[in-house]
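Going by our numbering, 44 is the number at position 44 of the sequence shown; the sequence numbering is gapless. Structure, as structure tokens:
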Amino acid sequence: MDLNSVEEVVVVHGRNDLPHWRIGDAVIAGGTWLLSEAQDDLRRLIDITELGWEPATVATDGLELAATCTVEQLCEVARQLPADWTAATLLEHCAGAFLASFKIWKTATVGGNICLSFPAGPMISLASALDATLVIWRPDGSDYTASVTDFVTGVATNVLAPGEILRSVWMPATAMRARLAHRRIALAPLGRTGALLIGRLDRAADGGMFTLTVTGATTRPHVVRFPGLPERAQLADALAAIPDQDWHTDAHGGADWRAAVSGVLAHEICEELQ
Ligand SMILES: Cc1cc2nc3c(=O)[nH]c(=O)nc-3n(C[C@H](O)[C@H](O)[C@H](O)COP(=O)(O)OP(=O)(O)OC[C@H]3O[C@@H](n4cnc5c(N)ncnc54)[C@H](O)[C@@H]3O)c2cc1C
């Protein structure tokens, strides 16, 4: 939709082009959310899609995704990763978890999804499950890093301060090499995610740790870790420790339903990885 209050769009080509941040500014990446509803408080958009960031960089110790990597590019990257990076399929599964149209597929970005910080953000699920480190630019020219679980603080809220820009998402090779299982459920066959759980069992050589990520069902990502695959009761206890207020209720499912299905899906994941 047209954003009638916007007076200026600044397209930046380098970090030095970033204008001094002021009230009424917003970063725009794919624009799939920003242009989908009225934004009456906005006066200026700062377009980061011409910064020329490589969508993905593969290194021996991990994968870096640029914040501007689109969902479509993410799937292309997944098909070109080293053969022993078994997490490649998870990239495609999480891309498929979008309630996506052609427009979302082509233009929505990994960074935009994380910065929007919706419970049903599949890039949040992906990055949480693979122990991603987010690199964030401050307006003063310095950077800082955060895990996704520290970054997302609630429904559509996160730690970003005005003028800060998510630059990249780094996923370590140890996580990329792990065995993964995931389960997603929605109230309707093509509905928005009600719960998306991902289990990751690291190789013995990488420590053999089991990590369960609960997203979609909760207001922010929850990650629980065990030294190896847990017993049924241990897993149930870990899920029971998620605070009641963190189970999410909206049109796509109630908190009690989300908590209940998460328990079932978590056990299925452990059985699959057994
Ligand atoms: C039909 C439809 C289906 C959708 N389905 C889903 C879904 O299933 N799950 C879901 O989570 N969302 C969904 N969305 C919402 C949205 O499209 C996605 O979350 C998308 O990934 C947002 O990415 P974007 O690049 O388009 O972000 P934009 O719309 O450009 O920006 C989103 C927000 O993030 C900020 N932002 C973007 N990039 C950065 C950055 N690098 N640094 C700092 N701030 C930044 C913007 O200022 C804005 O506040 C859907 C939207 C539509 C229209």
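In this text, a Cβ means the ideal position worked out from N, Cα and C, and glycines have one as well.
Please tell me whether, using a cut-off of 7 Å, the distance from the CB of residue i to the nearest non-hydrogen atom of ligand 1 is below it.
i: G121; result: yes
i: G154; result: no
i: W33; result: yes
i: I104; result: yes
i: F98; result: yes
i: A26; result: yes
i: G228; result: no
i: I165; result: yes
i: T174; result: no
i: S168; result: no
i: L51; result: no
i: G30; result: yes
i: S128; result: no
i: S5; result: no
i: N16; result: no
Which residues mark the beginning and the end of the beta strand (DSSP E) in which residue i is found?
i: I185; result: 179-185
i: E7; result: From DSSP, E7 is part of no beta strand (DSSP E); its letter is neither H nor E.
i: M171; result: 165-172
i: T149; result: No beta strand (DSSP E) holds T149; the alpha helix (DSSP H) holding it covers 148-151.
Leaving aside the five residues before and after residue i along the sequence, list all residues of the same chain whose C-beta is less than 6 Å from its C-beta, in chain order.
i: Y144; result: I136
i: V159; result: F151
i: H13; result: E50
Which whole-angstrom value describes the C-beta separation of residue i and residue j, a residue pair presumed to lie in contact below a C-beta threshold of 8 Å?
i: W247; j: T218; result: 6 Å
i: T86; j: R179; result: 6 Å
i: T215; j: I114; result: The Cβ separation is near 12 Å, so there is no contact.
For residue i, collect the residues of the same chain with a Cβ closer than 7 Å to its Cβ; drop the 5 residues on either side in sequence, then sort them by chain order.
i: P172; result: D61, G62, D131
i: L34; result: A26, I28
i: V11; result: D47, E50
i: A236; result: G263
Under a CB-based cut-off of 8 Å, is residue i close to chain B?
i: L65; result: Absent from the structure is chain B; it holds one protein chain and no more.
Which stretch, first to last residue, makes up the alpha helix (DSSP H) that contains residue i?
i: H222; result: Not the alpha helix (DSSP H): H222 falls in the beta strand (DSSP E), residues 222-226.
i: R258; result: 255-273
i: T133; result: Premise fails: T133 lies in the beta strand (DSSP E), 133-137, not in any alpha helix (DSSP H).
i: V110; result: 110-116
i: L126; result: 122-129
i: R232; result: 232-240
Give every residue of the same chain whose Cβ lies closer than 8 Å to the Cβ of residue i, excluding the five residues on either side of it in the sequence, and list them in chain order.
i: G191; result: L99, H252
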